[in-house]
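Our numbering puts the sequence shown at residues 51 to 550.
Report on the structure given below.
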Amino acid sequence: MSGIKKIASLLIVNRGEIAIRIAKTASRLGIRTYGLLTAQEPNALYLEKVDEVVDVSDDLSGKVFLNIERIIAEANRLGIEAIHPGYGFLSENPELAQACKENDILFIGPSAEVIRLMGDKEAARQQAELAKVPVLPASESVVKDATEAGRIASEIGFPVIIKAVAGGGGKGMRIVRQAEELERMYRIASNEAQSAFGNASVFIEKYLENPRHIEIQVLADKHGAAINLCERECSIQRKHQKLLEEAPSSYLNQQQRKVLGDDAVRLCRQVGYDHIGTVEFLMDDAGHHYFMEMNTRIQVEHPVTESIVGVDLVEQQLLVAQGYPMQLKQEDIKINGWAMELRINAEDVQTNFAPDFGVVEKQAIPACDYLRCDSGYKAGKVIPDCFDSLIAKLIIHGKDRADVIEKALKVLEEVQFEGVKNTVPFFKALLNHPEFVKGNYNTSFLETQLTKPYWVEEDEEQAAALLAMQAYLNHIETVKGEMLEHKQMSAWKQSRQSMF
Ligand code: ADP
């Protein structure tokens, strides 16, 4: 078939569970997989799951997953035909896509031009407007200085949110409720954007109080076909980072589901999108939706979609990147039951979710057909202090939402992660919360609902988790100086914050 660039080898430029996830599908498709052995994690589990290990442990910078020159050099040296970036790291860096193209290596993602366009939140917003996808009121372009920020914010009306154009991982974002706070917040957001992304540019958008975060999984190919694979709800967040995702969303009716799906596909067509991707929306109380951003890569939460639509998204990535026309049609996408993903992080809920690390002494996952566990670890492996804190993703599939919650609680009782502090107690509290059970939650849920002393429970661990959360929330209320908080955060801790 013309236009097909068939690959037989793949370098996975990532680590942890996603490296394993990618290797699994690639091997099934008969593709030889290569993983990077780093100085920080020489005994990592993912190295046992790839066909070949590429030793880059001479690089002691801790940044080899970000080193485009080195990655391309290794791929060229070994004659590897394709590179999969996973999520985080270089997955949305147009320079890697460009370097791959120049070296005749297939990049498993969209083109550098599309990554650049959609990676710029302001430019992506403009594309959404052109595609007639609703957006929130916002500055027309990058805000030059604090004075301009003040003028635009008063036009839009408070509250507003200042956002880094190059943003990700919730960084470079500040909510402003009063004009007096604007100048200071502008400075903080811009400085944070400079240090996190090397780009200080910010824009201003209307801040929606208590929205739901609902995103659409899209799939497009190089032949002009584009479909949506239903939504995921990701409103359970802490510091703008997702903790639990589910699909479908209990907030959408069939008609809204179709409108959001159609909008996401229209945006894909507008930008000539030809890969898998995610179009993120915020929804207000009245059921209106607004485009927020597009992610041009595989998402952490992709398994909930895979569970309900029965499509292997990594396989689709590999196929469309090679130029195969998509076999799936919109009418093939049917929702089968319900799924939730619980991100078990190595964090101590009793000390404000402080990251933990060390040896995994025990990791026992119950064997049941409704549970999928994607983990980068097993007993004996070390959780290093220099990467993100994800230990495992528990994905539970059931016939409906109530069934999934019941099953998830059973899993949480049985699952064992020993050796490092983890967020299992947090999920026990969350999945027992009556409002969560009703599906009645939004992005402020953790700050508002879990502070209430509703929890009458004998389980000390769970009670302690709630008390810790209460203490954390009190703490952020009193520590208004966000600058102070930022300054106090050590470089070590900042480097641990995930970018996805
Ligand atoms: P990042 O790329 O840093 O992850 P996003 O643009 O995806 O940032 O936003 C992350 C989260 O921040 C959203 O899920 C939502 O909770 C919050 N958020 C972003 N923009 C707004 C807004 N305009 N109003 C209310 N909340 C917002």
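Beta carbons are placed, not taken as given, at the ideal position from N, Cα and C, and that holds for glycine.
inquiry  = For VAL183, which residues in the same chain have their Cβ closer than 7 Å to its Cβ, ignoring the five residues on either side in sequence?
reply    = In the sequence shown, counting from the first residue as 1, residue 183 sits at position 133. The residues are ASP313, ARG316, LEU317, PHE341.
ask   = Applying the criterion that 16 or more other CB atoms from any shown protein chain within 10 Å of the CB defines a buried residue, is ILE54 buried or exposed?
value = Here residue 54 corresponds to residue number 4 of the sequence shown, with the count starting at 1. ILE54 is exposed by the Cβ-count criterion.
query = If you follow the beta strand (DSSP E) that VAL252 is part of, which residue opens it and which one closes it?
reply = To locate residue 252, count along the sequence shown from 1; it is residue 202. First-last of the beta strand (DSSP E) with VAL252: 252 to 256.
ask   = What did DSSP end up calling GLU508 once you bin it into helix, strand or coil?
value = For the purposes of this step, residue 508 is taken as residue 458 along the sequence shown, with counting starting at 1. Because the pLDDT at GLU508 is just 45, under 50, the model does not fix this residue reliably, and the value given afterwards should be weighed accordingly. Reduced to three states, the DSSP call for GLU508 is coil.
Boundaries of the alpha helix (DSSP H) in which GLU145 is found, first to last residue = Numbered from its first residue, the sequence shown carries residue 145 at position 95. From DSSP, the alpha helix (DSSP H) with GLU145 extends over 144 to 152.
ask   = Are the beta-carbon atoms of ASP101 and THR83 separated by less than 9 Å?
value = Counting from 1 along the sequence shown, the entry for residue 101 is found at position 51. Counting from 1 along the sequence shown, the entry for residue 83 is found at position 33. Yes, the Cβ-Cβ distance between ASP101 and THR83 is below 9 Å.
Three or more C-beta pairs below 8 Å linking the stretch 159 to 168 and the stretch 85 to 93 = no
query = Sorry if obvious, but does the Cβ on PRO261 come closer than 8 Å to a heavy atom of ligand 1?
reply = Taking the sequence shown and counting its residues from 1, one reaches residue 261 at position 211. Yes.
query = Since TYR491 contacts GLU485 with CB under 8 Å, what's their CB separation in whole angstroms?
reply = Residue mapping note: residue 491 aligns to position 441 of the sequence shown, counting from 1. Residue mapping note: residue 485 aligns to position 435 of the sequence shown, counting from 1. Indeed, because the Cβ distance is near 6 Å, the residues count as touching under 8 Å.
Same chain, Cβ closer than 7 Å to ALA458, neighbours up to 5 away in sequence not counted = Taking the sequence shown and counting its residues from 1, one reaches residue 458 at position 408. Correct list, in chain order: MET390, LEU392, ILE446, LEU481.
task = For CYS418, count neighbouring Cβ atoms within 10 angstroms of its own Cβ and tell me buried if that reaches 16, exposed if not.
result = Residue numbering aside, residue 418 sits at position 368 when the sequence shown is read from its first letter. When all chains shown are included, CYS418 counts as exposed.
ask   = Three-state secondary structure (DSSP) at PHE476?
value = Counting from one through the sequence shown, the residue named residue 476 turns up at place 426. PHE476 falls in the helix class under three-state DSSP.
task = Could you check how far apart the C-beta atoms of VAL63 and LEU79 are, in whole angstroms? I think they sit under 8 Å.
result = In the sequence shown, counting from the first residue as 1, residue 63 sits at position 13. In the sequence shown, counting from the first residue as 1, residue 79 sits at position 29. Not really, about 18 Å apart at Cβ, beyond 8 Å.
inquiry  = Using a Cβ-Cβ cutoff of less than 7 Å, which residues in the same chain neighbour SER189 once the five nearest sequence positions on both sides are dropped?
reply    = In the sequence shown, counting from the first residue as 1, residue 189 sits at position 139. Cβ neighbours of SER189 beyond the five flanking positions: ILE202, PHE253, ILE254.
Close Cβ partners of SER204 (< 6 Å) along its chain, the five nearest in sequence each way excluded = Translated into positions along the sequence shown, residue 204 becomes position 154. Closer than 6 Å at Cβ, skipping near neighbours: no residue.
ask   = Tell me, which residues are paired with SER494 by DSSP?
value = Along the sequence shown, one-based indexing puts residue 494 at 444. In DSSP, SER494 forms no bridge with anything.
request  = Tell me where the alpha helix (DSSP H) around GLN377 begins and ends.
outcome  = Counting from 1 along the sequence shown, the entry for residue 377 is found at position 327. Unbroken run through GLN377: none, as it is neither H nor E.
ask   = If you run the structure through DSSP and keep just helix, strand and coil, what is GLU242?
value = Position 192 of the sequence shown, counted from the first residue, corresponds to residue 242. Three-state result, GLU242: helix.
inquiry  = Can you tell me whether VAL409 is buried or exposed? The criterion is at least 16 other CB atoms within 10 Å of its CB, across all chains shown.
reply    = Position 359 of the sequence shown holds residue 409. When all chains shown are included, VAL409 counts as exposed.
inquiry  = Measuring only the C-alpha atoms, how far is LYS443 from HIS290?
reply    = As a working mapping, residue 443 is identified with position 393 in the sequence shown. As a working mapping, residue 290 is identified with position 240 in the sequence shown. Computed Cα separation, rounded: 18 Å.
task = Work out the CA separation of GLU230 and ASN278 for me, nearest whole Å.
result = Stepping through the sequence shown from its first residue, residue 278 is reached at position 228. Stepping through the sequence shown from its first residue, residue 230 is reached at position 180. Distance between the alpha carbons of ASN278 and GLU230 is about 43 Å.
ask   = Residues bridged to MET390 by DSSP?
value = Position 340 of the sequence shown holds residue 390. Answer by DSSP bridge pairing, in chain order: GLU296, ILE446.
key: Close-in-space but distant-in-sequence residues of the same chain around GLY129 (CB under 8 Å, 5 per side omitted)   = On the sequence shown, position 79 is the one that residue 129 refers to. For GLY129, where only same-chain residues beyond five positions count, the Cβ hits under 8 Å are SER59.
request  = Within 10 angstroms of the Cβ of GLN578, are there 16 or more other Cβ atoms? Answer buried if so, exposed if not.
outcome  = Any answer about residue 578 is impossible in this case: the structure gives the chain only from 51 up to 550.
request  = Say yes only if the C-beta of TYR137 is nearer than 8 Å to one or more non-hydrogen atoms of ligand 1, and no if none qualify.
outcome  = Position 87 of the sequence shown, counted from the start, is the residue given in the question as residue 137. No, ligand 1 has no heavy atom inside 8 Å of this Cβ.
inquiry  = So, for GLU508: in the same chain, excluding its five sequence neighbours on each side, which residues have a beta-carbon less than 6 Å away from its beta-carbon?
reply    = Walking along the sequence shown from the start, residue 508 turns up at place 458. Model confidence at GLU508 stands at a pLDDT of 45, short of 50, so the residue's coordinates are unreliable; what they give is reported in the following sentence. None.
task = Rounded to whole angstroms, what's the CA-CA distance from GLU259 to GLN306? Just pull it up for me.
result = If you number the sequence shown from 1, residue 259 lands on position 209. If you number the sequence shown from 1, residue 306 lands on position 256. Between GLU259 and GLN306, the C-alpha separation is close to 20 Å.
Terminal residues of the alpha helix (DSSP H) in which PHE412 lies = The count along the sequence shown starts at 1 and reaches residue 412 at position 362. It should be noted that the sequence gives Lys, not Phe, for residue 412. Counting along the chain, LYS412 falls outside any alpha helix (DSSP H), though it belongs to the beta strand (DSSP E) covering 412 to 414.
inquiry  = I need the DSSP call for LEU481, collapsed to helix, strand or coil.
reply    = Taking the sequence shown and counting its residues from 1, one reaches residue 481 at position 431. Three-state result, LEU481: helix.
inquiry  = Counting C-beta neighbours from all protein chains within 10 Å, is the total for GLN544 16 or more, i.e. buried, or is it exposed?
reply    = The residue you call residue 544 lines up with position 494 of the sequence shown. With a pLDDT of only 39 at GLN544, under the threshold of 50, the placement of this residue in the model should not be trusted; the figure read from the coordinates follows. Under this definition GLN544 is an exposed residue.
message = Tell me which residues share the same chain as PRO375 and place their Cβ nearer than 6 Å to its Cβ, disregarding the 5 neighbours each side in the sequence.
response = Here residue 375 refers to the residue found at position 325 when the sequence shown is read from its first residue. If we look at PRO375 and ignore the five residues flanking it on each side, its Cβ neighbours are ASP271, HIS273.
ask   = Using the beta-carbon count (16 or more within 10 Å), is GLN413 buried or exposed?
value = By one-based count along the sequence shown, residue 413 stands at place 363. It counts as buried.
ask   = So THR473 and ASN402 are in contact, right, with Cβ under 8 Å, and what is the actual spacing, rounded?
value = Position 423 of the sequence shown, counted from the start, is the residue given in the question as residue 473. Position 352 of the sequence shown, counted from the start, is the residue given in the question as residue 402. The pair is not a contact, with the Cβ atoms about 12 Å apart (cut-off 8 Å).
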